[in-house]
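*Asks:* One structure, pasted below without further comment.
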Amino acid sequence: MERSALLPPRLRYLEPVRKYLTALGPEEVNENTDLTMIRKVVRKRVKGLPAEQARAALNEDGAELDIWLSAHLRGNESLGFLLPFLAMDAADTLLQEPAEMPPEREVSMDLQEDAKISKENGCWSVKWRKKLLSLYPSDSEKMESEIARFRSEAKRRPMLDGDGIELVDVHFASVRGIKRTYKQTWPAPSKQVDYALEVPGGYVLATLQSLTGDAHFDESEVEVQLHTLRAISHQTKGA
0 MERSALLPPR
10 LRYLEPVRKY
20 LTALGPEEVN
30 ENTDLTMIRK
40 VVRKRVKGLP
50 AEQARAALNE
60 DGAELDIWLS
70 AHLRGNESLG
80 FLLPFLAMDA
90 ADTLLQEPAE
100 MPPEREVSMD
110 LQEDAKISKE
120 NGCWSVKWRK
130 KLLSLYPSDS
140 EKMESEIARF
150 RSEAKRRPML
160 DGDGIELVDV
170 HFASVRGIKR
180 TYKQTWPAPS
190 KQVDYALEVP
200 GGYVLATLQS
210 LTGDAHFDES
220 EVEVQLHTLR
230 AISHQTKGA
């Protein structure tokens with residue numbers, strides 16, 4: 000196996016990038032390649048430099064890399080991927096964080112003023128009155144799969160003397176679907192309520208639990224808000 004040519008001193012900092020791109024393979028080095036690691040390496044190279052000097056330094060690195068590749072291309076083709084990014088007018092792609100893209104789908108719901116909410120990748124976690132409501136945007140295929148799971152589990156363990164699984168159809172105005180209540184009496188009492196819902200704009204899966212271990216919490220005070228559930232799509236047309 001031919002040994003890779005040693006990078007010139009100025010470009011030695013790119014060695015981790017060469018290994019990263021080589022490990023990906025030529026078919027995976029394209030416009031969709033994750034630049035996170037490359038950004039980290041490049042930012043370390045120009046740390047402390049004013050923006051204009053950082054761009055100029057990377058532009059000079061690109062020029063030297065271009066010359067080096069012309070003499071050592073064999074086995075180092077992947078590094079050619081960097082050349083456009085090191086150009087003066089394109090260096091900001093590596094120096095700046097990319098704009099955060101919205102998730103393809105996300106949930107929305109009207110909440111009480113004292114509810115605490117955290118959002119991640121379109122999902123909501125809502126803490127209110129010692130309960131945790133978790134909301135997940137979904138699609139018709141996943142919803143049908145979840146409903147099938149609910150029905151299968153309910154057959155295996157039907158509700159009996161307050162222990163087991165109970166399924167009911169639910170309607171909250173324009174929101175409709177299946178509600179699954181799971182209760183356990185042994186070894187410790189517990190309760191969880193799950194929903195698979197068709198909502199305006201799409202589908203939402205939800206889970207409601209007590210934050211204090213209350214096995215007798217009343218979900219009705221949360222359910223009065225479920226009619227406000229919505230699914231929002233950020234997918235571009237034609238995607």
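Going by numbering that gives the first Met the number 0, the sequence shown opens with residue 0, and the numbers climb by one from there. Don't be surprised by glycine CBs; every beta carbon is placed ideally from N, CA and C. Predicted model only: the values in this text are computed from it and were never measured.
(1) If we count the other Cβ atoms within 10 Å of its Cβ and call it buried at 16 or more, is K96 buried or exposed?
(2) For P8, count the other beta carbons within 10 Å of its own beta carbon; 16 or more makes it buried, fewer makes it exposed. Which is it?
(3) Decide if the stretch 77 to 90 is in contact with the stretch 56 to 66; the criterion is three or more beta carbon pairs, one per stretch, under 8 Å apart.
(4) With a threshold of 8 Å on Cβ separation, who are the neighbours of D160 within its own chain once the five nearest residues in sequence on each side are excluded?
(5) Excluding the 5 residues preceding and the 5 following G200 in the sequence, name in chain order all residues of the same chain whose CB lies nearer than 7 Å to its CB.
(6) According to the Cβ coordinates, are Q191 and Y202 closer than 7 Å?
(7) Roughly how many angstroms lie between the CA atoms of E27 and Q111, to the nearest whole one?
(8) Please give me, in chain order, every unbroken run of the alpha helix (DSSP H) with length at least 4 that falls completely inside the stretch 119 to 171.
(9) Would you identify the three-state DSSP class for A238, choosing helix, strand or coil?
(10) Quick check on L210: buried or exposed, where buried means 16 or more other Cβ atoms within 10 Å of its Cβ?
(11) Rounded to the nearest angstrom, what separates E14 and L5 at their Cα positions?
(12) For A56 and K126, what's the separation of their Cα atoms in angstroms?
(13) Would you kindly report the start and end of the unbroken beta strand (DSSP E) that includes Q191?
(14) Between which residues of its own chain and T21 is the CB-CB distance below 7 Å, once the five residues before and five after are set aside?
(15) On the DSSP letters alone, give me the boundaries of the beta strand (DSSP E) that A230 sits inside.
*Replies:* Well, looking at it:
(1) Reading off the sequence shown, one finds Glu at residue 96, where the question assumed Lys. E96 should be labelled exposed.
(2) exposed
(3) yes
(4) T184
(5) R229, A230, I231 and S232
(6) no
(7) 47 Å
(8) 139 to 155
(9) Residue confidence is low: A238 scores 43 on pLDDT, short of 50, so the model does not pin down where it sits. Its coordinate-derived value is still stated next. If DSSP states are grouped into helix, strand and coil, A238 belongs with coil.
(10) exposed
(11) 9 Å
(12) 49 Å
(13) S189 to V198
(14) S77
(15) R229 to S232
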